[in-house]
Amino acid sequence: MQLIFAVVQDKDVVRLSERLVKAGIRATKLASTGGFLRAGNTTFMIGVDDSRVEEALEHIKQSCRSRDQLVTPLTPLGNQVESFVSYPVSVQVGGATVFIVKVDRFEQF
Ligand code: 2BA
């Protein structure tokens with residue numbers, strides 16, 4: 001068995017959830033926050049048999065889009081710590097960031 005962690009944008013969550021349920025692939029959704037944008041995203045924990053990993057990945061690929069997001073980090077103006085100026089920067093987010101780990105043991109009681 002493998003455990004897939006997929007960090008996806010909130011806008012893709014419904015599409016991915018529906019696909020997984022339809023396919024009979026079980027998943028748990030965790031509310032998460034990106035360390036860089038500090039914006040909410042969703043992490044799916046998907047436990048699947050080795051033989052279904054590629055199928056689960058295909059559902060993730062088909063559900064998650066890449067999007068450009070504007071970020072406005074605050075940058076100090078000159079040497080004055082009190083004065084800040086914002087420069088909007090475009091950042092490409094997604095489709096999905098995926099980690100796959102082997103499960104040593106799986107139990108349900
Ligand atoms: P965030 O950390 O909020 O990152 C959002 C997007 O900002 C990233 O999109 C990337 O395009 C950009 N970005 C992130 N860190 C950056 C940096 N140090 N400098 C410049 N740009 C940076 P994605 O790569 O598609 O990542 C989407 C979300 O997936 C991330 O949200 C984070 O929650 C998760 N993620 C990505 N890589 C990860 C990793 N190695 N470990 C854990 N989580 C990760």
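The sequence shown: position 30 = 30 (full-length UniProt numbering), numbered continuously. Cβ coordinates follow ideal geometry from the N, Cα and C atoms, glycine included. Just so we're clear, the structure is a prediction, and the values are computed from it rather than from any experiment.
Name the two residues that bound the continuous beta strand (DSSP E) containing residue i.
i, result
"V98", "96-102"
"residue 168", "In the structure as shown, the chain starts at 1 and stops at 109, and residue 168 therefore has no counterpart that could be examined."
Quick one: what's residue i bridged to in DSSP?
i, result
"A39", "Answer by DSSP bridge pairing: none, since A39 is not bridged."
"R67", "V93"
"Q2", "V48, K102"
Taking the alpha-carbon of residue i as reference, which of the options has the nearest alpha-carbon?
i, options, result
"M45", "S86, Q69, K11, I60", "I60"
"F36", "V13, F106, V89", "V89"
"I4", "G40, V93, E54", "E54"
"A31", "D10, R19, Q108", "D10"
"S66", "A96, Y87, I25, V7", "A96"
"M1", "R19, I25, R38", "I25"
Note down, in chain order, each residue of its chain lying with its Cβ closer than 6 Å to the Cβ of residue i, except the 5 sequence neighbours on either side.
i, result
"R15", "S63"
"A6", "F44, I60, A96, V98"
Assuming residue i and residue j form a contact by the criterion Cβ under 8 Å, report the distance between their Cβ atoms to the nearest whole angstrom.
i, j, result
"G34", "F106", "Not a contact, Cβ separation roughly 29 Å."
"V8", "G94", "7 Å"
Ends of the alpha helix (DSSP H) at residue i?
i, result
"S17", "13-23"
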